[in-house]
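Let me begin by presenting the structure, written as structure tokens, before commenting on it.
In my numbering, the protein residues as written are 1 to 86.
Shown next, in the form of structure tokens:
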């Protein structure tokens, strides 16, 4: 009789521990999932900001290259005109 009661008590403790463990695991899984979503969202935002910054830098470099090439073309055109006049 004592063995039966002890066995039932042990099974009850194990079952209740399993449920608590499952609840803790579910809570931990939810927390990790939420944290990963937040990290992904913040990474997306940072990537978008960096991409915009790179676009602006590239655009300004392209614009300055256009100006420089236009100036060089003007200089070359002037030299060509002078050489034709002579």
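Built from N, CA and C at the ideal position, the CB exists for glycine as well.
The model shown is predicted, which means the values in this text are computed figures rather than measured ones.
Rounded to the nearest angstrom, what separates residue i and residue j at their Cα positions?
i           : j          : result
residue 66  : residue 72 : 10 Å
residue 64  : residue 70 : 10 Å
residue 144 : residue 74 : Residue 144 falls outside the range modelled here, since the chain spans only 1 to 86, and no answer is possible.
residue 20  : residue 37 : 26 Å
residue 35  : residue 24 : 16 Å
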